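Numbering (the numbering used here), first residue to last: 3 to 188.
Put into structure tokens, the structure is as follows:
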């Protein structure tokens, strides 16, 4: 093993309650939609690309309206997380500190630009992370970002730590050995 790549939501921290609240508040106050967005809904959607999430949450809107709304919701999410942060999983700080002394650590997540940077700032883990990629930076999905990070850092046997079936599938597509990766989904 020559590097460990982490997902963010559901792996490092759990932002679903904060995000659900921020998104629901905006939708109720600024749209005609009668949509309640819950943390459990988001847990089932996180890991997917934002256009796919918006399509599932707002099927009555046109694709252009869905994309415009999800962009606004991501801004509201960022504001809420900047203000409140989100709960980090117990022991994660110690785990990352120990691992960073032995391996380079990376983050690849299907999120908007600025999200991973916000996570690193709010958690204080930024100094432990060697690099990160997301669709908001590259325009590519998780598998392509894993491959790009592996190539950039000349990794020959990385491990991926994630929590969704999408993480599992991205590792398959990226050629990260599944026996060397950890998936925590139920």
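Note that beta-carbon positions come from the ideal geometry of N, C-alpha and C, so glycine has one too. In this text the structure is predicted, and so the values were computed from the model without any measurement.
Annotation: the continuous alpha helix (DSSP H) that includes residue 95 extends over 94-102. Nearest neighbour of residue 70 by Cα position, chosen from 43, 108 and 55, turns out to be 55. DSSP, read as helix, strand or coil, puts residue 117 in helix. Where residue 164 is concerned, the enclosing beta strand (DSSP E) starts and stops at 161-164.
Of the residues 72, 81 and 101, the one whose Cα lies closest to the Cα of residue 138 is 72. Between the segment 141-156 and the segment 101-117 there are three or more C-beta pairs closer than 8 Å, enough to call the two in contact.
Sixteen is the threshold: since fewer than 16 other Cβ atoms of the shown chains lie within 10 Å of the Cβ of residue 177, the residue is exposed. In this structure, the straight-line span from the alpha carbon of residue 88 to that of residue 41 is close to 13 Å.
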